[in-house]
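Worksheet for the structure shown next.
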Amino acid sequence: MSDRDLVSEAENERWRKRAGAGLRRGRGIIAVAAGLALIAVAVYDVPWMAAVLGVAAVAAAAVMTLDRPRRAPAPQLARGAASQWPDTGMKLAVEAIADPCVLTDAAGLVRFQNRAATERLGPPRPGDPLSFKLRAPELLAAVERAGRGEAVEPVHFVERAPTERFSVASVTSIRRGRGGQRGRADFVMIRLIDETELMRMDRMRGDFIANASHELRTPLASLTGFIETLLGPARNDEANRERFLKIMLEQAGRMARLIDDLLSLSRIEMKVHVRPSAAVDLAALVGHVVDSLGPLARDNETTVRPVLPESPALVRGDRDELIQVVSNLAENAVKYGRQGGAVTIALT
329 MSDRDLVSEA
339 ENERWRKRAG
349 AGLRRGRGII
359 AVAAGLALIA
369 VAVYDVPWMA
379 AVLGVAAVAA
389 AAVMTLDRPR
399 RAPAPQLARG
409 AASQWPDTGM
419 KLAVEAIADP
429 CVLTDAAGLV
439 RFQNRAATER
449 LGPPRPGDPL
459 SFKLRAPELL
469 AAVERAGRGE
479 AVEPVHFVER
489 APTERFSVAS
499 VTSIRRGRGG
509 QRGRADFVMI
519 RLIDETELMR
529 MDRMRGDFIA
539 NASHELRTPL
549 ASLTGFIETL
559 LGPARNDEAN
569 RERFLKIMLE
579 QAGRMARLID
589 DLLSLSRIEM
599 KVHVRPSAAV
609 DLAALVGHVV
619 DSLGPLARDN
629 ETTVRPVLPE
639 SPALVRGDRD
649 ELIQVVSNLA
659 ENAVKYGRQG
669 GAVTIALT
């Protein structure tokens with residue numbers, strides 16, 4: 329027997345084994361097909377030949393399909409590259425940040441957010457676009473650039489609803505060092521810092537300076553006018569000179585108080601993070617304020633009565649600032665209280 333005949337015989341034997349294996353694995357399908365063929369012949373008068381051919385076709389299909397080698401499952405790399413999810417270590421690191429932080433993939437889809445972000449933005453819904461939570465075009469554009477691997481500067485943006493909120497966002501690209509295209513980020517971390525209170529303080533400072541400038545301009549103009557009058561027509565007018573000097577003294581005092589307010593504001597801002605360490609006797613401090621209010625109380629025919637403990641009342645604080653607080657309260661009570669009444673300052 330030739331080599332060609334031997335190869336042919338081996339090939340035939342291989343096909344017989346494959347066919348037998350296919351028939352064994354597909355015997356259930358063939359049995360069901362045979363049963364259906366018998367029912368078709370008995371009930372619907374289907375010709376025997378047609379029924380036999382149908383069963384033979386099912387058997388052939390079973391042999392061809394069931395004996396075919398199983399294909400290995402497709403690798404999940406492509407799917408994983410298109411849909412990145414942070415690992416546990418990355419989540420723990422983001423959760424440890426005090427500020428609101430959101431992790432997105434390179435396409436801007438939310439993958440994780442920490443507890444602070446949940447308090448600000450609401451419950452997390454992984455897979456939603458970041459635009460569902462933050463409607464700030466400049467921020468979304470920065471996230472898109474960071475997803476491409478570009479460096480991004482901090483983004484300042486304003487939210488108008490439900491209330492006005494000023495924020496600065498730090499947008500950072502994160503690469504895990506495997507998968508994805510070169511230069512493209514695996515994740516983008518958005519860290520939100522609330523600057524609403526800072527902006528509010530800046531506005532208050534600006535308003536105060538504008539108002540103080542206006543208030544300073546008024547007495548300054550008054551002083552300038554009276555000085556010009558005294559140097560001119562009223563140079564030798566004794567009666568008007570006395571009246572003008574009193575008004576000028578009042579306006580100068582008004583300017584001095586405004587300047588003191590500005591200096592006090594500057595002092596407070598410089599010491600805002602410094603805890604007072606000096607001990608101050610509040611009883612002696614209140615007595616000092618009562619003595620300084622004597623002229624104003626006499627002008628308003630008001631009696632100022634201090635009610636103080638016999639022993640010192642020591643607290644930690646800034647003496648000048650405490651004097652200003654007590655003086656402002658007592659002075660307002662004397663100025664705007666009933667004329668001829670009494671103001672009691674009690675320390676308990």
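Numbered per this note's numbering, the sequence shown finishes at 676, counting up by one with no gaps.
Glycine is no exception: its CB is placed at the ideal position from the N, C-alpha and C atoms.
Keep in mind the model is a prediction, meaning the values are calculated, not measured.
Exposed unless 16 or more other CB atoms sit within 10 angstroms - verdict on residue 433: buried
Report the CB separation of residue 586 from residue 615 in whole angstroms; it is logged as a contact under 8 Å. Incorrect: roughly 28 Å between the Cβ atoms, too far for contact.
For residue 441, which beta-bridge partners are listed by DSSP? 430
Whole angstroms are fine: how far does the CA of residue 652 sit from the CA of residue 298? It is not possible to answer for residue 298, since the shown part of the chain is limited to 329 through 676.
Which of the three DSSP states is assigned to residue 562 in this structure? coil
Is residue 513 closer than 9 Å to residue 501 when the C-beta atoms are compared? yes
Using only CA atoms, which one of 548, 612, 450 and 657 lies nearest to residue 640? 612
Should residue 537 go down as buried or exposed, given a rule of 16 or more other Cβ atoms within 10 Å for buried? exposed
Nearest residue (CA-CA) to residue 491, options 448, 503, 437 and 467: 448
Taking a contact to mean a Cβ-Cβ separation below 9 Å, would you say residue 582 touches residue 547 in this structure? yes
Classification of residue 515 by the beta-carbon crowding that lies within 10 angstroms, buried from 16 upward: buried
Contact belief for residue 592 with residue 620 at Cβ below 8 Å, rounded distance in angstroms: Not a contact, Cβ separation roughly 16 Å.
CB-CB length for residue 629 against residue 668, believed under 8 Å: 5 Å
Looking at the structure shown, is residue 675 part of a helix, part of a strand, or coil, going by DSSP? coil
Kindly indicate the opening and closing residues of the alpha helix (DSSP H) around residue 651. 647 to 664
By Cβ distance below 6 Å, which residues in the same chain neighbour residue 518 in space, the five residues on each side in sequence not counted? 430, 497 and 499
So what does DSSP say about residue 631, is it helix, strand or coil? strand
Note down, in chain order, each residue of its chain lying with its Cβ closer than 8 Å to the Cβ of residue 645, except the 5 sequence neighbours on either side. 604, 606 and 608
How many angstroms separate the CA atom of residue 533 from the CA atom of residue 504? 46 Å
What separation, rounded to the nearest whole angstrom, lies between the Cα atoms of residue 475 and residue 520? 17 Å
Enumerate, from N- to C-terminal direction, the unbroken beta strand (DSSP E) stretches of 3 or more residues contained entirely within the region 524 to 569. none
Residue closest to residue 452, alpha-carbon to alpha-carbon, out of 632, 428, 471 and 466: 428
Alpha-carbon to alpha-carbon, residue 483 and residue 454: 23 Å
Quick one: grab the DSSP three-state call for residue 482. coil
Helix, strand or coil for residue 410? Go by DSSP, reduced to three states. Legend: pLDDT at residue 410 = 46, less than 50; position of this residue unreliable, no value from coordinates given.
Residues that DSSP places opposite residue 642 in a beta bridge: 609
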